[in-house]
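> Our numbering runs 38 ahead of the 1-based position in the sequence shown.
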Amino acid sequence: MAIDIHRKRNKNLGLAELVAIALGGMVGGGIFTILGISVSMVGTLTPVAISIGGLIALMAAYSYVKLGLYYKDEGATYSFFGGVSNVRLW
39 MAIDIHRKRN
49 KNLGLAELVA
59 IALGGMVGGG
69 IFTILGISVS
79 MVGTLTPVAI
89 SIGGLIALMA
99 AYSYVKLGLY
109 YKDEGATYSF
119 FGGVSNVRLW
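In structure tokens form, the structure reads like this:
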């Protein structure tokens, strides 16, 4: 008798999952690649520069939340562009 290892996928992402995805993308892609360059450029003000970048990222995330609430589609950025510009890319 085979054991069914497939689970039903939950398509709903909660706040915790969305925050984890956003933080993982920003921290993984930004901090480790830019840290040395930012320290050499701004020195002791690096935490301030990173905080300003974080605020900008939060504003972008807020925009994506609002777009996601308005365009209830699974295409994310692709769907947002198509909804705003009425251009079919695919």
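No residue lacks a Cβ here, since even glycine has one placed at the ideal position from N, Cα and C.
Hey, which unbroken runs of the alpha helix (DSSP H) at 4 residues or more fall wholly within the stretch 51–112?
Runs of alpha helix (DSSP H) with 4 or more residues, each lying fully within the stretch 51–112, are found at 53–64, 70–80 and 84–108, listed in chain order.
> Answer yes or no: do Ala87 and Ala60 have a C-beta to C-beta separation smaller than 9 Å?
For Ala87 and Ala60, no; Cβs fall outside 9 Å.
> Roughly how many angstroms lie between the CA atoms of Pro85 and Gly67, to the nearest whole one?
17 Å
> Is the Cβ-Cβ distance between Gly92 and Met64 less than 9 Å?
yes
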